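Just so you know, we're using the working numbering here: the sequence shown kicks off at 116 and counts up by one.
Ideal placement from N, C-alpha and C gives every residue a C-beta, glycine not left out.
Remember, it's a predicted structure, so these values are computed and weren't measured experimentally.
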Amino acid sequence: MPDPASSRRASDAPQLPAHTGRFIAYCLHAFRGWIVLMLLLETGQAASNILVPYAIKAIMDGVAHAPPETSLFDQLRQPLLWLVALNVAEIVFSRASGAVLILVGPRLRQRTAQALYAYLQHHSVRYFSQHFAGALAHRISETAISVNHTAWSILFDFWPISVTFAVSLAMLFSVHTTLGYFVAAWVLAYTAISYWLATRCQPYAQAFAAVRSQVNGKIVDAVSNMQTIKLFARQADERAYLHRYLEEEVKSGRRTFWYMERVRWFQFIAVALLKLGTVYYALRLWEAGQIGVGDFTLCVSVALLVINDARNLTRRFLEFFEYVGNVANGVATIIQPHDLIDAPDARPLQVTHGRIEYRHVTFGYDFERPVFEDLSVVIEPGQRVGLVGYSGSGKSTFAALLLRYYDPQSGQILIDGQDIATVSQQSLHRQIGLIPQEPQLFHRSLRDNIAYGRPEASDAELYDAARIAHVAEFIDDMPQGYDALVGERGVKLSGGQRQRIALARVILKDAPILVFDEATASLDSVTEKTIQDNLDRATGQKTVMVIAHRLATLAHLDRILVFDHGRIVEDGDHATLLARRGLYYRLWSMQADGFLPES
């Protein structure tokens, strides 16, 4: 059966399986040699541990049958050496296995998280708009941890227990067949029932994991918007809002834990029955002369070791299925088909002039309600074009389609005659510089945020971009200068400062096509005019697309496209459009303090 995620997957994304078991196997494959070594070491450790009662049996038999005139230690030299060797072997095997775990564990978690993050990067804007950023980050972290715990459960819990059970039963059968069958029947029944009970708990554990992830996303969302919460004095409302989700987490947790508690009742009762039954049956056999003192000691010791390992078998099954459930949630959330992928023969976009053409484009976020229908327009190389219209008229969608955040349902968008659907997305984004309405900054230094546009740029080029964007004037006042951290999402900077950093970053990128989406909305008119003059000189022959609600920002451009309900209803320069006394004239007349009304 084909992997459902493989039907639409970015070519340079990791080939992650969308099936939980295969995903875990994929993560472990690179460490298969180390895992085999750990299996061998754990086999040695478990066998050494369970063979200790056999050495004690030999010691007891030696004590019982030692001639009075001989030295007891001479008589017991071999079983005592055997006992010492088994204890030393257990220490060596277990600590060697622990050393391998230290080498493998962090690296396995790292590679799993890297693979999930690399796959996540190729999801579309639509995908990220439907998921909490915090929940996705939490899901990557929890999935990586759970892959580790799943592997360790098998290697350090289930495999040693299997070895213990196998060796124990072999020893018991060597002592007395019926006693061996008694313990074997108990082991099989206990293991089967424990597994069945754990599978019944799996839905509870998965639901609990999903609720925890949701709560984590809600907390991150609230913390990210703490300034807004304070501004509207909604702290109490946010606590109440979060309380509802925390209550759901409590209820989900209680459902899971109450089920686990019922399982523990079975566990304790079953273990008590084995303990009492083994001792009673061994006593009867000893009384009947069918086993000796050493055999009796062996039976009781082995039974206690089996009980010790089996006591928490159900809990281990429960934890195992919880880990598998966490992995399943992570796989289901992240390893989904990619919405937008490069064509199999995608080639790099080559921009020689910067001519943009929308050819018979039809697009809608909802197929039944298209934003554009059969839209055609050409933006000539080097033109500076403004997009204007009421909110919801299609301006931002027009720019988003150029960036290939979405694919049109029909039609083509071409840059210098190349359909952007046939070129690689990375090459497309390298050729377009976007300054969004809400600049997104990293919690890194000012230098890192500006240099993100072109990391290989020289300091002189970086400072020049900062000067054009009027960044230098406030950076110079900071004690740490360009090395000052901007805070999460640039929280330490004002809105205008964040926009200027974003401007500097795009100027440094030096892409042949520029898109300004309300790029100067947070700036005062004087600063905007100064920056605009600098930009006009810096952009040169670049093709520029400007979205703005402040019409004065657009007045000096070569051309203005007026949008209304997904249609371009007017096209011309500022003076021409005013002379027509159409929609643009009305917008210009209606603007308040230089800004358009919303409708």
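Counting along the chain, Met705 sits inside no beta strand (DSSP E); it lies in the alpha helix (DSSP H) bounded by residues 698-705. In this model, Leu623 and Gln498 are separated by some 20 angstroms (Cα to Cα). Rounded to the nearest whole angstrom, the C-alpha separation of Asp688 and Thr135 is 58 angstroms.
Contact between the segment 146-159 and the segment 201-208 is present: 3 or more CB-CB pairs across the two stretches fall below 8 angstroms. Contact between Leu464 and Leu543 holds, since their C-beta atoms are separated by about 5 angstroms, short of 8 angstroms. DSSP links Leu490 through a beta bridge to Val476. Non-local beta-carbon contacts of Thr537 in its own chain, meaning distances under 8 angstroms to residues more than five positions away in sequence, involve Ala458, Asp460, Ala461, Arg462 in chain order. In the three-state reduction of the DSSP assignment, Met660 falls in the strand class, which pools E and B. A check of alpha carbon separations from Trp311 across Leu428, Tyr356, Tyr395 identifies Leu428 as the nearest. Bridge partners of Glu685 according to DSSP: Val677. A straight-line Cα-Cα distance of about 7 angstroms links Ala566 and Leu577. A direct Cα-Cα distance of roughly 52 angstroms separates Ile494 from Pro221. His453 sits away from Ala214, with the two beta carbons spaced by 8 angstroms or more. Judged by DSSP secondary structure, Gln527 falls within the beta strand (DSSP E) whose first and last residues are 525-530. For Phe631, the enclosing beta strand (DSSP E) has its first and last residue at 628-632. Between the alpha carbons of Asn263 and Cys142 lies a distance of about 9 angstroms. Taking all protein chains shown into account, Met705 has fewer than 16 neighbouring C-beta atoms within 10 Å of its C-beta and is therefore exposed. Here Leu490 really is in contact with Tyr473; their C-beta atoms are around 6 angstroms apart, less than 8 angstroms.
Checking the DSSP bridge columns, you'll see Gly501 partnered with Val661, Ile675.
Counted as a single uninterrupted DSSP element, the alpha helix (DSSP H) harbouring Leu235 occupies residues 192-235. Short of 8 angstroms from the beta carbon of Asp679, and not among the five residues preceding or following it, lie these beta carbons of its own chain, in chain order: Gly504, Tyr505, Ser508, Leu698. In this structure Leu346 is exposed. Its beta-carbon is surrounded by fewer than 16 other beta-carbon atoms within 10 angstroms. Checking the DSSP bridge columns, you'll see Arg484 partnered with Asp481.
Using a C-beta cut-off of 8 angstroms, the segment 373-384 makes contact with the segment 421-441, since at least three inter-stretch Cβ pairs fall below that distance. Of all C-beta pairs linking the segment 277-286 to the segment 479-487, fewer than three are shorter than 8 angstroms, placing the two stretches out of contact.
Between Val439 and Phe138, the gap from beta carbon to beta carbon reaches 8 angstroms or more.
Rounded to the nearest angstrom, the Cβ distance from Arg224 to Ala266 is 10 angstroms, too far for a contact under 8 angstroms.
In the three-state scheme derived from DSSP, where H, G and I count as helix and E and B as strand, Arg377 is classed as helix.
For Val330 against Phe247, the beta-carbon gap comes to about 10 angstroms, at or over 8 angstroms, which does not count as contact. Here Ile344 has Ala337, Gln350, Glu353 as same chain residues with Cβ atoms under 8 angstroms from its own Cβ, once five neighbours each way along the sequence are excluded. Annotation for Gly610: the continuous alpha helix (DSSP H) segment containing it runs 610-624. Taking C-alpha positions only, Gln130 is separated from Ile528 by approximately 30 angstroms. A contact between stretches requires three or more CB pairs, one per stretch, nearer than 8 angstroms, and the segment 550-570 meets this requirement with the segment 585-600. Residues Thr158, Ala161, Ala162 of the same chain have their beta carbon placed closer than 7 angstroms to that of Val278, with the five preceding and five following residues left out of the count. The C-alpha of Pro132 lies about 48 angstroms from the C-alpha of His585. Of the candidates Phe631, Ile450, Ile308, Phe631 places its Cα closest to the Cα of Gly548.
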